[in-house]
Each structure stands twice: as C-alpha cells, then as structure tokens.
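**Q**
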Amino acid sequence: MPNWFWAALAMVMIVEGIGPLLIPNRWRQYLRQVAESEPGQLRQIGGTLVVIGSVCLYFIVN
C-alpha cells in the first residue's frame, strides 16, 4: 500500500479519537443520538460528508 494511504488512515484515526479522548461523556451522548436517528437522516449526513470530503480531496490533490 502507498504511504499516502497509511497517512490518511492515521489522520482519520486521530480525528476520530479526539472526541472520546477529550469529552467522553458528551461523545457517548452524541453516539446515542446518532443511533436513534432515522436511516434517511443518516444517509443524508453520510452523503454530505462524502461530497465535502471528495471536494476537499480534489482541491488538495490538484
């Protein structure tokens, strides 16, 4: 695997770990709210994040 893949994976892990590390109680509450959300709402949030991430990646790479 290329080095950029491992760097990107490491950055995702760092970003995902900040919430539970700094504010574990609020993070747990957030996860409960997400678990109770409607599937359509979760798809909309996921789709939005994919589009934003793709646009950001496009501008970073080019």
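My numbering numbers the first residue of the sequence shown as 29 and each following residue consecutively.
Heads up, the beta-carbon is just placed ideally off N, CA and C, and yes, glycines get one too.
Expressed to the nearest angstrom, what Euclidean distance is found between the alpha-carbon atoms of residue 61 and residue 87?
**A** Taking the straight line from one Cα to the other gives about 33 Å.
**Q** Quick check on the DSSP output: the alpha helix (DSSP H) that includes residue 39 runs from which residue to which?
**A** 31-50 is the span of the alpha helix (DSSP H), which, as asked, contains residue 39.
**Q** So, using beta-carbon positions, are residue 47 and residue 55 closer together than 8 Å?
**A** It is a contact, given that the beta carbons lie within the stated cut-off.
**Q** Determine the DSSP secondary structure at residue 90, reduced to helix, strand or coil.
**A** Three-state DSSP puts residue 90 in coil, outside helix and strand.
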